[in-house]
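One structure below.
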Amino acid sequence: MRIRKLALATSMAVLGLSTVLTAPAALAQAKEQFFPVLSYRTGAYGPNGAPWANGYVDYLKYINAKGGINGVKISFEECEFGYATDRGVECYERLKSKHGGGTAVHPLSTGVTFALTEKVPVDKIPLVTAGYGRSESQNGAVFTWNFPLLGTYWMAADVLIQHIGKKEGGLDKLKGKKIALVYHDSPYGKEPIALLQERARMHGFEVMLLPVAHPGVEQKATWLQIRQNRPDYVLLWGWGVMNSTSIKEAQATGYPREKMYGVWWSGAEPDVKDVGDGAKGYNALAKQHGAEPNAKIVKDIQATLHAKGQGTGPKEEVGQVLYMRGMIAAMLTVEGVKKAQERYGKGKWMSGEQVRWGLENLNLDQKTLDGLGFAGVMRPVQTSCLDHMGSAWARIHTWNGSKWEFTSDWYQADEKVIRPMVMLASGRYAEEKKITPRTPEQCKQ
Amino acid sequence: MSFFLETLIGGLMAGMLYSLVALGFVLIFKASGVFNFAQGAMVLFAALAMARFAEWLPAWTGIGNPVLANVMAFIISVAIMFAVAWLVERLVLRHLVNQEGATLLMATLGIAYFLEGVGQTVFGSDIYKIDVGMPKDPVMMLESVFEGGILINKEDFIAALIAAALVGALALFFQKTPTGRALRAVADDHQAAQSIGIPLNRIWVIVWCVAGITALVAGIIWGSKLGVQFSLATVALRALPVVILGGLTSVPGAIIGGLIIGVGEKLSEVYLGPMVGGGIEIWFAYVLALVFLLFRPQGLFGEKIIDRV
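Note that the protein sequences, when read in sequence, are chains A and B.
Take the first sequence: its letters are residues 1 to 445, numbered as in the working numbering.
Take the second sequence: its letters are residues 1001 to 1309, numbered as in the working numbering.
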């Protein structure tokens, strides 16, 4: 009996002591802003997915190295999904509730974006699709949780047509021309078709649609059709190995690379580096930035992380096109958190709902961007309830055989063409899903 | 007409490469009764080894001559593929003698995932270059016969010639050499072959080595065309309809089947594709193979299986 009492007393004492010791530590440990990272570093799309993820993760590390978001540290966890939609959704489900809930999710896949669009309003996590996803999600009145920041595929296609029109001497000169779209046969690749058909109707050119099955390594028949039909221009909407295969097939069939224009996911170093001189003259859209090895932010990250062996991925890839894109995606989210803190409490942890408000009220003017180290990399971004994209600017860069060089002025996508399409498609979506679009008053809340 | 011929020739050249990979499937199936699902992964693994050693050797040894670096990388890659063959026999096949075909198939699935994972871990998962000096630009032929001539891709043409030479060499090896005869004996009946003193384990190692060399050659050709990256494993699996069509036990079947599939998928994509929205060539190859199976379940040249009741 005495032994039992002794054991009980000892247990109570140990329990009490441990509580006393751990409680202050727990109280002292501030809540961290958790960033789920859906990535693909292996598989068919790994060569393109890895640099994006490196840039994204490096920026989060960099912010932590600088003290966090107004003192709130960032934590993150990667989940590899190999660009497979089912595995992407699985990764999202696994990470969404960790560490108090995700700040925002970037799926880097239009397929996963389609799958998550109905999930994120329930989980209250912003779905940031910087440069991909559903084009109609620009309308935040319907797509409250989607943020296609800096660009959609309708915007991309619009800018490409404007550029081609300019080269021809005016959009009216496109009448009778033939423009082929070689696209990844997936939701991603199909996304620009609606805009191209609208522009074709307006200007009288013909659109030739050429789907390429995943992963895009077999394109001989596609390029034989291009050789047969001799389009005036070829637009390339590929990803991963499909891009380099297209350029190689263009070379093999003698199609001039100068007449080829890739979307911004078809215009990075992995797409051209093993093609060599065969890719010389190939053009692609730059989602504002290109390869930016001399940007201040790149030099800061090199010095803060890579010089100390704390960087992610090869240091020679820091500042390359896809690295920059991942880094900018992270920066926009971090700025969304900062904006939310302005309203809900500086230096405090922000919930997904609060971050959503922050992303919807982003206002990054040039001075702010320059201060963040993005001078010369990108233009101002201002989002609103009706515009979750925030900026519709892009330019063209061209592969000169060894590096990407900007070869055009800035273009802004034509709001008069895109806005009616966005309103129509988002209206249809709202009707189908029985969503009541937010009113301007609701947007202010 | 010239466009039809271009498509046809393009299909035949692609088909020759399918034949080469299909031959890897057929060789292993004939000798061991194993449907080697890892053939695609072997192509990727071999190509990764070739690309990376061709890049590493000059840095390690200071070799400036790219031809020498490629030759040395090739020799090392062959040695690696032989080591893979030996390990597969030692660690997998030897323990599965007389097991069900499905068990052996599952084992090769495991080998496929293992090789894909280890290959990317050891050699990296980026896009790597194999530069064996293949010409990339096209050439125009028969310009006096057809308006505009016929465009031939020089790289595809040379690749098809190499594949044809290797296929021919393997067919001769199987038919004319003592080892080839031993391989065929093992394929016919394991127990009977063993009873006359043919060492089953050694034969399996040899056949996996040969399949490894075909994987390496296919990997070099495709790697030179597409860059060495993960998708090579899936490209090689496009030889699957070839073995369905040609029959799993027939070397001529792999050759003819490869050509039919190559031509069939290109013609279908070009002429039928636009009617149904395009992008049909991958699944059309399977449809073509299945249609053949309706009439010849054993494949074009496969052995007809007759069981006594």
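All C-beta atoms in this analysis are idealised placements derived from N, C-alpha and C, irrespective of residue type, glycine included.
Below 7 Å CB to CB, which residues in the same chain sit around residue i once its five sequence neighbours on both sides are set aside?
| i | result |
| --- | --- |
| Glu-405 of chain A | His-397, Thr-398 |
| Leu-1151 of chain B | Glu-1006, Pro-1138, Met-1140 |
| Glu-1338 of chain B | It is not possible to answer for residue 1338 of chain B, since the shown part of chain B is limited to 1001 through 1309. |
| Glu-431 of chain A | none |
Quick one: what does DSSP say residue i is sitting in, helix, strand or coil?
| i | result |
| --- | --- |
| Leu-55 of chain A | With the sequence shown as reference, residue 55 of chain A is identified as Gly, and Leu is not the correct amino acid for it. DSSP places Gly-55 of chain A in helix when its eight states are reduced to three. |
| Ala-413 of chain A | coil |
| Ser-39 of chain A | strand |
| Ala-23 of chain A | Low per-residue confidence applies at Ala-23 of chain A: pLDDT is 43, beneath 50, and the placement is therefore not dependable, though the value from the model is reported in the following sentence. DSSP places Ala-23 of chain A in helix when its eight states are reduced to three. |
| Gln-1039 of chain B | helix |
| Gln-1194 of chain B | helix |
| Ile-1280 of chain B | coil |
| Phe-1295 of chain B | helix |
| Gln-219 of chain A | coil |
| Ala-28 of chain A | The predicted position of Ala-28 of chain A is uncertain, since its pLDDT is 42 and thus under 50; a value taken from the coordinates is nonetheless stated next. It is helical. |
| Lys-348 of chain A | coil |
| Ile-435 of chain A | coil |
| Met-1013 of chain B | helix |
| Lys-96 of chain A | coil |
| Ile-1063 of chain B | coil |
| His-388 of chain A | coil |
| Thr-304 of chain A | helix |
Spatial neighbours of residue i within its chain, please: CB distance less than 8 Å, with the 5 preceding and 5 following residues excluded, ordered by chain position.
| i | result |
| --- | --- |
| Leu-1096 of chain B | Thr-1103, Leu-1104, Ala-1107 |
| Thr-436 of chain A | Ala-430 |
| Trp-349 of chain A | Ala-30, Lys-31, Glu-32, Gln-33, Val-72, Gly-100 |
| Pro-121 of chain A | Thr-144, Trp-145 |
| Leu-322 of chain A | Asn-48, Pro-51, Trp-52, Gly-55, Ala-268, Glu-269, Pro-270 |
| Ala-1169 of chain B | none |
CB-CB under 6 Å to residue i, same chain, minus the five flanking residues each way: which ones, in chain order?
| i | result |
| --- | --- |
| Phe-114 of chain A | Pro-187 |
| Tyr-233 of chain A | Ile-164, Ile-179, Lys-259 |
| Gly-281 of chain A | Arg-257, Glu-258 |
| Val-263 of chain A | Ala-156, Trp-237, Leu-285 |
| Ala-392 of chain A | Met-155, Gln-412, Ala-413 |
| Phe-205 of chain A | Leu-174, Lys-177, Ile-179 |
| Ala-1193 of chain B | Ala-1185, Val-1186 |
| Ile-1127 of chain B | Gly-1227, Gln-1229 |
| Gln-366 of chain A | Pro-380 |
What whole-angstrom Cβ distance do residue i and residue j have, given they're in contact under 8 Å?
| i | j | result |
| --- | --- | --- |
| Val-337 of chain A | Val-355 of chain A | 6 Å |
| Leu-1048 of chain B | Val-1210 of chain B | Actually they do not touch by this definition, with Cβ atoms about 20 Å apart. |
| Lys-287 of chain A | Gln-302 of chain A | No, Lys-287 of chain A and Gln-302 of chain A are not in contact; Cβ-Cβ is about 22 Å, not under 8 Å. |
| Val-1251 of chain B | Phe-1025 of chain B | So it is not a contact: roughly 11 Å between Cβ atoms. |
| Gly-1015 of chain B | Leu-1259 of chain B | 4 Å |
| Arg-325 of chain A | Gly-55 of chain A | 7 Å |
| Ala-1239 of chain B | Val-1021 of chain B | 4 Å |
| Met-1050 of chain B | Gly-1223 of chain B | 7 Å |
| Ser-1268 of chain B | Ile-1256 of chain B | Their Cβ separation, rounded to whole angstroms, is 18 Å, which puts Ser-1268 of chain B and Ile-1256 of chain B out of contact at 8 Å. |
| Ala-1218 of chain B | Ile-1130 of chain B | 12 Å between Cβ atoms; not a contact. |
| Val-1270 of chain B | Gln-225 of chain A | 6 Å |
| Leu-1245 of chain B | Leu-1300 of chain B | 6 Å |
| Ala-1046 of chain B | Gly-1212 of chain B | 7 Å |
| Asp-185 of chain A | His-203 of chain A | With 8 Å as the limit, Asp-185 of chain A and His-203 of chain A do not qualify as a contact, their Cβ atoms being about 26 Å apart. |
For the alpha helix (DSSP H) that residue i lies in, which residues bound it at each end?
| i | result |
| --- | --- |
| Cys-79 of chain A | Taken as a continuous stretch (DSSP letters only), Cys-79 of chain A belongs to no alpha helix (DSSP H), being part of the beta strand (DSSP E) at 74-80. |
| Thr-1121 of chain B | 1101-1123 |
| Gly-1262 of chain B | 1251-1267 |
| Met-331 of chain A | 321-344 |
| Trp-1086 of chain B | 1066-1091 |
| Val-1186 of chain B | 1178-1188 |
| Asn-243 of chain A | 241-253 |
| Val-154 of chain A | Residue identity differs from the one stated: residue 154 of chain A is Trp in this sequence, not Val. Unbroken alpha helix (DSSP H) run through Trp-154 of chain A: 153-168. |
So what does residue i bridge to, in DSSP terms?
| i | result |
| --- | --- |
| Pro-1138 of chain B | B:Asn-1153 |
| Val-182 of chain A | A:Leu-210, A:Leu-236 |
| Leu-285 of chain A | A:Ile-396 |
| Leu-127 of chain A | A:Val-105, A:Asn-146 |
| Leu-364 of chain A | A:Val-381 |
| Gln-33 of chain A | A:Ile-74 |
| Ile-69 of chain A | A:Val-72 |
| Tyr-1128 of chain B | B:Val-1228 |
Starting from residue i, follow the beta strand (DSSP E) in both directions and report where the run begins and ends.
| i | result |
| --- | --- |
| Met-378 of chain A | No beta strand (DSSP E) holds Met-378 of chain A; DSSP gives it neither H nor E. |
| Phe-406 of chain A | 404-406 |
| Tyr-45 of chain A | Looking at the DSSP string, Tyr-45 of chain A is not in any beta strand (DSSP E), and its letter there is neither H nor E. |
| Tyr-261 of chain A | 260-262 |
Confirm the yes/no value for this check: CB of residue i, any heavy atom of the ligand MG, distance under 6 Å.
| i | result |
| --- | --- |
| Val-1026 of chain B | The model depicted lacks the ligand MG and carries no ligand whatsoever. |
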